[in-house]
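Chains as they are written, first to last, in the working numbering: chain L, 1 to 953; chain S, 954 to 1374. Backbone N, C-alpha and C define an ideal beta-carbon position, used for all residues, glycine too. Here the structure is a predicted model, which means the values were calculated and not measured. Right, one structure below, let's go through it.
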Amino acid sequence: MTSFRLTAAIILLAIARVATQGTAPSPRFYPDDPLRSEPTPLPVADLQPRALSDLLERVNNTFKTRGQRHPGNGVIPAGGVNSLGEVMDGDWYVNRHGTRRMTQEELRRGAGDANPPGTLTPWRVLVVRAYGVSPGLLIADEKNDLYLLRLDPLGYEGLATGAEMVTSHFLYALGYHVPENYLVRFERPQLVAHPEGQAVSSAGKPRELLVSDIDALLRRAPSTDGRTYRAVATRLPDARGSLLGPFQMWGTRSDDPNDIVPHEHRRELRGLFVFSAWLNHSEAGAIGTQDVLTAADGVRRIRHYLGNSTRSLGSGVLGGPKDVWEGNEKFLDVGTAKRNMTSLGVRTPGWMKAKYPGLAEVGTFEGQTFDPAAWTPSQTIAAFENRLPDDTFWAARQVMAFTDEDIRTIVRTGGYTQAGEDWITAALIERRNRIGRTFFGGVLPLDRFRLNGNTLEFDDLAVVHGISAPRQYTIDWHRFDNAKDALLDTIGTGPAIPPAAAATPAGGYTAARIYAENVELHVTAYLRRRADGFDIVGLDRAWPAKVIAPPAPPRQVNQRIFADLTGRQQELFKTYIDSYNQARGSKYSPEEGFNRLTVSEQSTFYGITHALSHTDMTDATGASLGTALDRIESVDRIAGQYAGRGGDEQFRLYVNLKPDTRDILEKSQQFFRDHENTVYHVGYPHSYRQAGKEPNLQMSLADDGLKADIDVDYRASRSPRGLFNGHMTSANSDIRVGENTTLHRGRWGGFIAFWQDTFGRLGEEEASRDLIDFDRPDARVTPLPSDRPRGASPERIEDAAQEFLTDWLVRHQYQEALDVLSPRAYACLVVGKDSRSVPLDAGGARRELLSLMEYAAAKLGTRANLTSAMVALTPRDPKRVVVDHPFKQEFLLTPLTEAEARPYFCDKAATSTGAQYYGVVFQFRTAGGGVLGLLWTREQNQWKLVSYQPLAP
Amino acid sequence: MNAGRHASSVGAVMLLLAIDSAARAQEPATNVPATRAEAIADARDDKVAELWPERQSPLVNKVNALVERGFKEGLDSGRGANGPQIVLGGMRPGQGFTAGVGYRRSDLWRERLGYRATARGTLQGAYLLDFDLDFQGLRTERTSMRWYTKFESSPDIDFYGQGNSSPKENHTSYAYDDLTSDFDAAFRAARHVRLGFTGGYLHAHTARGHDDFPPIDESFAPKDIPGFGESTDYTRMGAFVDFDFRDSPTGPRRGGMYGMRYREYWDVARGTFAFRQTEYELQQYLPYFNGGRIVALRAALVLSFPKEENAVPVYLLPTLGGNDDLRGFGGYRFRDSHALYLGAEHRWHVTSNLEMAAFVDGGKVVPLKRDAVDPTNLNFSGGFGFRVRARSAVVSRTDFAFSREGFRIVWTFSDIYKPRW
């Protein structure tokens, strides 16, 4: 073996060993899978309520993208589910009717019927809101239970109250936490004003409650006979201070340790789309929800409720019947608007011609024009946008579990007339059936997997419900490597568990892949061997072009290392990591802790402390007051880049200050007291801004002067400039964006932009992404052309690159792939810096490259197409020309001049030829996959690969 | 691509790095979870280390307070929310883009009294100050009372002479200032049927208008511009009745309104301009396709009769032309003792907040009543437009109108087909 080969082998082994040690992937299944319930939650501390604004939510949901969406290179599976894909029982959801049929009595009872408002004595009215968006009354009965009373709009008795009763009962049966609702009828004398009651005036101001306030509210409500009013009474929790406000449909609550799955990825929230469509709850969203602090099983926790369903079924957002486009169009949809405008009123969608019964209590609710796939809430809801076929299947399965009788039982709780009850029941039945037909087609709708002796059995829900004719299924059995989450060789076919599976030791796994006519629609059931049989522990549903998005790229090898920080920076960071370790129970050293930070967190900590340390403070006489960094006692939190958060919650440090800091800031000539923070920097109202032109530090102090939120503003904050120059965006404080680094250096010299070696400068839009942009518009598999004969010379560069990559990574035709290699590329294989090493000849280089290509292909495993093997990147520079080609999803293709390409030449001494070059860049689609760049040019009328460079991901 | 990679590197290592670059920082010696429950617990522990108070944005409080200030009712009624307001439109047409400020309170004296005051103006020098007092406490299910006072100065009211054939070449203008104060009381006699009484005071002052045009008093004889150049005080009293079953007064989609108002004017000092004026209003909204399409129809008739040896002052004669009728013609294009307007619109849904409309307007002015009810010799205009809605109200209207006299773009902040009372 030549010295090169030995060296290469040693290096290969070393890399492989390091790579193995560096990766510790979790197994697919754990011994306790599948969990039926979430583990006992951690107790929560005293929490503060946090309200939302309906109007702000509507505006933000319409004009901003909130929460994470599926990246273009794959989908993010739902979270908060067990290994069977079922939502676990817990504080979000409890499996009810869909799992264990509830009795008619249970369906009728809903969340509870044991605590209706007592009628032995009049109800004491505590609060009246006769005006505003949500009029109602807060009453107390003789048991001192509190109820929120909501009435119907004038002229539409039963419309809103019936919708609330029916929808809340359905949501309860579907598994959600909902409050107890009671349908009550009362006469005016039943309500008496409490002496200390409050009213909200028509100007929104609280004042003492008058009897006339109650009358004013009732004047706006229908009464059956001029005397009797109908309302829905919602029972409030016993603990008055336990209402924490709505939960968002994206992100997590920052004060709830048990809230670990982003809401936009929770299955029960994604699936809520289907339930909302069924019940025509077009106003579903954050505002109708409520987080409630409660104690269960001795643990204080937050339970998440769905409430306020008065705008469901036929009841509309303006208080009367729905406008017919509610549920069929979003509040603002540019595409629909353009179509409607240009059609000049000729285009008439089916729902516009729907027939309604003309019953006030029903409003506009029907089932004949209902299209579950086209239904839409009025606003963009992050969780709904992220729904996948398995999420909608999960939900559709729940809906289809309701029989006609079940539906009528629940509708009856709405207290409708017979005609109204019949209509709504028929509409819900029709909508249910359409939901089954629509969403059972997105996956292979197999369910209720079980073992009958040695045979795997299941139900096809489409067949069970008469949607599909009976069909034949193919079941292929595989060994399954749980540690690597990999299906191995086939060991049998058919419903019976094959003998080879039975030979699996206890704790081992076998998988059964089941499909019918379409192999891309399959279900994989995972079985775990136990001593005396098997348990079904996992289910996976696949649909055409399902590609799971690769996990977030790993930490960077060349991130800023802790040692490069100054002593003072290290000291401060240690205070942060000590506090982290104490809370977490971990034992990270400061170095380890720093390396665990994301790049944005590192740059934030480094940038801000650098600016602070380079800001000397003096008083009016010129005497030194130390540096701004000296004011910091310790670091509480480092806020980097967080998708969906406001600009004032990102790119800042939350610190503890030395006690005299406020005095020092007041005395210093370098800081001035700015306007109080009334909207942003919540909790830190006292703003001290560094004098001089931007960039400048802003220290926002809490009321006690001992805590602060510190950030750097790179853009002017004064109106009107501040409104238009990005000051209000997160890019304002992100040192990596645009010219911010240069601006920083201009004021505080000596700053090193450690990330730029790898990532370059971030553009404004790309500030929303921490690392390389994976987003692509289409995750579908790009069809591969037929294999070209060996020696073929495609005319277009994209075809040549595709052929090379396909030969290499898909077909494993390495020799054919190597044909495109230019001799110029051999120089890339010159070994090390040892001048005694001999450059490889052409034959040697080919052999070495062959072994490398084989290794790479083996690491990737079998890939059916290029789409599953690689993903293209977005260039950082928005001006970079990108060639549009059929495989743009798989690899980036960009033209380069010779000058641009020269840094990547294998042989730096190569003479200039003025040739045109092309770069092909992609990332391997595998855990920890890196980025490879290929340089191409025309040589003798053929496209040749002249250089390759791995790039750090 | 990245620069700076040294060329003399081990190709194998580099390529393998590309495949195998899972070089994460080594995890410290913590336990790898053995169960799913442990994995979930680990994730929760990670969250514990990063807990942060969930804080409410003050912007939420501000917006909620704005909404609670009667935003909903203010939009539906057209009076705006309580507290400070930005006011757009609402002045006499043809004076330019109107903007101003206002203030409204509807909860005075424990909801018994409400008021709204506004000050508005245009860059062309027109301005308006008004005060609207609503006796809500005296309002029952059947009664309502209101007192409205306004001063408005309009430096440029177009005038082309009287008659349906008044030539465009006669274009001149006059300035018109008026102070009005009216008290209205209404009684709901039956469902949707309202009877009302109105009485008030009007002070009118006219002068020459825009310098761009020949002075009005040089272009027209005094008999053609009665009341011009004088300040006159009037009292006016009358009654009205209407059958209003529209679903919304500020942006109806269904229903109709049929009504009339009768008022008598007395020129207090001179006894020269005593007259009576009767206004008829018929509106009908015909939705189809569940309100996705609406046919809106309107007929309006204004008849003015001077008392013996009196005249109707030129500035109180009914007019046609402008933003609210005969949209293809300039403001106040046609003026005479009697005016007839007929209009039709076909509206269609674009989004939940936007409608489009195609419309046709027809109208004429005549000196004799017998000619007023005869739908011949009408002036026509037509076009298309957009209506922006907020809740049930039309808050902005943009019309593109054509007529034999050209093309106009109308942009206002209210719906078309507004009744005159």
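Checklist entry - Which residues mark the beginning and the end of the alpha helix (DSSP H) in which MET165(L) is found? => result Along the first sequence, one-based indexing puts residue 165(L) at 165. Where MET165(L) is concerned, the enclosing alpha helix (DSSP H) stretches over 159 to 174.
Item to check | Contact list for THR867(L) against chain S, beta-carbon separation under 8 angstroms | outcome: Here the question's residue 867(L) lines up with position 867 in the first sequence. Taking a Cβ-Cβ threshold of 8 angstroms, none of the residues of chain S is close to THR867(L); the smallest such distance is about 18 angstroms.
Checklist entry - Distance, Cα to Cα, ILE735(L) vs LEU860(L)? => result Locating residue 735(L) in the first sequence gives position 735, counting from the first residue. Locating residue 860(L) in the first sequence gives position 860, counting from the first residue. Each residue's alpha carbon lies about 36 angstroms from the other.
Checklist entry - Where does SER912(L) sit, in a helix, a strand or coil, going by DSSP? => result Reading the first sequence from its first residue, position 912 is the one you call residue 912(L). It is coil, neither helix nor strand.
Next on the checklist: Here's a check: name, in chain order, each residue in its chain whose Cβ is nearer than 7 angstroms to the Cβ of GLU1038(L), leaving out the five neighbours to either side.
Outcome noted: Chain L is shown only over 1 to 953; residue 1038(L) falls outside these bounds and no answer can be derived.
Next on the checklist: Between the alpha carbons of ASN1243(S) and LEU784(L), how many angstroms are there, rounded?
Outcome noted: Position 290 of the second sequence holds residue 1243(S). Position 784 of the first sequence holds residue 784(L). Between ASN1243(S) and LEU784(L), the C-alpha separation is close to 49 angstroms.
Item to check | Residues in the segment 1309 to 1320 of chain S having any Cβ partner in chain L nearer than 8 angstroms | outcome: Those residues of the segment 1309 to 1320 of chain S that come within reach of chain L (Cβ to Cβ, closer than 8 angstroms) are MET1309 and ALA1311.
Checklist entry - Within 8 angstroms (strictly less), CB to CB, does TYR509(L) reach chain S? => result By one-based count along the first sequence, residue 509(L) stands at place 509. Using a CB distance cut-off of 8 angstroms, TYR509(L) does not count as an interface residue toward chain S.
Next on the checklist: Please report the straight-line C-alpha distance between ILE710(L) and ASP674(L), rounded to a whole angstrom.
Outcome noted: Counting from 1 along the first sequence, the entry for residue 710(L) is found at position 710. Counting from 1 along the first sequence, the entry for residue 674(L) is found at position 674. If you draw a straight line from the Cα of ILE710(L) to the Cα of ASP674(L), it is about 14 angstroms long.
Item to check | For ASP995(S) and ALA501(L), the rounded distance between their alpha carbons | outcome: Start at 1 with the first residue of the first sequence, and residue 501(L) comes out as number 501. Start at 1 with the first residue of the second sequence, and residue 995(S) comes out as number 42. Computed Cα separation, rounded: 33 angstroms.
Checklist entry - Using a C-beta cutoff of 8 angstroms, does ILE1039(S) count as contacting chain L? => result Counting from one through the second sequence, the residue named residue 1039(S) turns up at place 86. No, ILE1039(S) lies away from the interface with chain L (no Cβ there is under 8 angstroms from its Cβ).
Next on the checklist: By alpha-carbon positions, which one of PHE1333(S), GLU1308(S), ASP1324(S) and VAL1326(S) ends up nearest to ASP1368(S)?
Outcome noted: Start at 1 with the first residue of the second sequence, and residue 1368(S) comes out as number 415. Taking each of PHE1333(S), GLU1308(S), ASP1324(S) and VAL1326(S) in turn and checking the Cα distance to ASP1368(S), the smallest one comes out for GLU1308(S).
Checklist entry - Are three or more beta carbon pairs between the segment 1344 to 1353 of chain S and the segment 1317 to 1333 of chain S nearer than 8 angstroms? => result No contact exists between the segment 1344 to 1353 of chain S and the segment 1317 to 1333 of chain S.
Checklist entry - Using a threshold of 7 angstroms, is the CB atom of THR782(L) nearer than that to any non-hydrogen atom of the ligand ZN? => result What this structure holds is no ligand at all, so the ligand ZN is not there to describe.
Item to check | Per-residue DSSP class, three states only, for GLU592(L) | outcome: The residue you call residue 592(L) lines up with position 592 of the first sequence. Three-state DSSP puts GLU592(L) in a helix.
Checklist entry - Taking Cβ positions, are TYR714(L) and SER700(L) nearer each other than 8 angstroms? => result The residue labelled residue 714(L) in the question sits at position 714 within the first sequence. The residue labelled residue 700(L) in the question sits at position 700 within the first sequence. No, the Cβ-Cβ distance between TYR714(L) and SER700(L) is not below 8 angstroms.
Checklist entry - Hey, does ASN518(L) have any beta-carbon neighbour from chain S nearer than 8 angstroms? => result Residue mapping note: residue 518(L) aligns to position 518 of the first sequence, counting from 1. Not one chain S Cβ lies under 8 angstroms of ASN518(L).
Item to check | Collapsed DSSP secondary structure at ASP660(L) in the structure displayed | outcome: Reading the first sequence from its first residue, position 660 is the one you call residue 660(L). Three-state DSSP puts ASP660(L) in coil, outside helix and strand.
Checklist entry - Is the Cβ-Cβ distance between HIS465(L) and HIS304(L) less than 8 angstroms? => result Start at 1 with the first residue of the first sequence, and residue 465(L) comes out as number 465. Start at 1 with the first residue of the first sequence, and residue 304(L) comes out as number 304. Not a contact, by the Cβ cut-off of 8 angstroms.
Checklist entry - How should GLN472(L) be labelled, buried or exposed, when 16 other C-beta atoms within 10 angstroms of its C-beta is the threshold for buried? => result Your numbering for residue 472(L) matches position 472 in the first sequence. GLN472(L) should be labelled exposed.
Checklist entry - Looking at the C-beta of ARG1058(S), does it have a partner C-beta in chain B at a distance below 8 angstroms? => result The structure shown contains no chain B; the protein chains it does contain are L and S.
Checklist entry - At what residues does the beta strand (DSSP E) containing GLN1038(S) begin and finish? => result Start at 1 with the first residue of the second sequence, and residue 1038(S) comes out as number 85. Run containing GLN1038(S): 1036 to 1041, per the beta strand (DSSP E) assignment.
Item to check | Ordered list of alpha helix (DSSP H) runs contained in the segment 1144 to 1188 of chain S, each at least 4 residues | outcome: For the segment 1144 to 1188 of chain S, whole alpha helix (DSSP H) runs of length 4 or above, ordered along the chain, are 1169 to 1172.
Next on the checklist: So for THR1102(S), helix, strand or coil by DSSP?
Outcome noted: Locating residue 1102(S) in the second sequence gives position 149, where the first residue counts as 1. Reduced to three states, the DSSP call for THR1102(S) is strand.
Checklist entry - For GLN198(L), does the three-state DSSP call read helix, strand or coil? => result Locating residue 198(L) in the first sequence gives position 198, where the first residue counts as 1. In the structure shown, GLN198(L) sits in a strand (DSSP, three-state: E or B).
Checklist entry - Shorter than 8 angstroms from the beta carbon of ASP819(L) to some beta carbon of chain S? => result Here residue 819(L) is taken as the residue at index 819 of the first sequence, counted from 1. Between ASP819(L) and chain S, the shortest Cβ-Cβ separation is not below 8 angstroms.
Checklist entry - Are GLY1208(S) and ARG1199(S) touching if we call contact CB-CB under 8 angstroms? => result As a working note, residue 1208(S) is residue 255 in the second sequence. As a working note, residue 1199(S) is residue 246 in the second sequence. In this structure, ARG1199(S) lies closer than 8 angstroms to GLY1208(S) by Cβ.
Checklist entry - What separation, rounded to the nearest whole angstrom, lies between the Cα atoms of ASN656(L) and PRO1006(S)? => result The sequence position of residue 656(L) within the first sequence is 656, counting from 1. The sequence position of residue 1006(S) within the second sequence is 53, counting from 1. Spanning the two alpha carbons is a distance of roughly 16 angstroms.
Next on the checklist: Quick check: the Cα distance between HIS885(L) and ALA1354(S), rounded to an integer number of angstroms?
Outcome noted: For this step, residue 885(L) is matched to residue 885 along the first sequence. For this step, residue 1354(S) is matched to residue 401 along the second sequence. Near 48 angstroms, if we compare the C-alpha coordinates of ALA1354(S) and HIS885(L).
Checklist entry - Just the Cα atoms here: how many angstroms apart are PRO77(L) and MET1210(S)? => result By 1-based counting over the first sequence, the position of residue 77(L) is 77. By 1-based counting over the second sequence, the position of residue 1210(S) is 257. In a straight line, the C-alpha of PRO77(L) is about 57 angstroms away from that of MET1210(S).
Checklist entry - Are ALA954(L) and SER315(L) closer than 8 angstroms when you measure CB to CB? => result Any answer about residue 954(L) is impossible in this case: the structure gives chain L only from 1 up to 953.
Next on the checklist: Give me the DSSP bridge partner(s) of THR1304(S).
Outcome noted: By 1-based counting over the second sequence, the position of residue 1304(S) is 351. Answer is LEU1307(S), bridged to THR1304(S).
Next on the checklist: Would GLY1036(S) and TYR1056(S) be called neighbours here (beta carbons separated by less than 8 angstroms)?
Outcome noted: If you number the second sequence from 1, residue 1036(S) lands on position 83. If you number the second sequence from 1, residue 1056(S) lands on position 103. Contact flag set, yes.
Item to check | Length at least 4, wholly inside the segment 298 to 382 of chain L: the alpha helix (DSSP H) runs in chain order | outcome: Fully enclosed alpha helix (DSSP H) runs of 4 or longer: 334 to 342.
Checklist entry - Taking any Cβ of chain S, which residues in the segment 307 to 333 of chain L have a Cβ under 7 angstroms from it, in chain order? => result For the segment 307 to 333 of chain L, which is checked against every Cβ of chain S, the residues closer than 7 angstroms are LEU318, ASP323, VAL324, TRP325, GLU329, PHE331, LEU332 and ASP333.
Next on the checklist: Suppose only complete runs of 4+ residues qualify. What are the alpha helix (DSSP H) ranges in the segment 495 to 544 of chain L, listed by chain order?
Outcome noted: Entirely contained in the segment 495 to 544 of chain L, the alpha helix (DSSP H) runs reaching 4 residues are, in chain order, 499 to 502.
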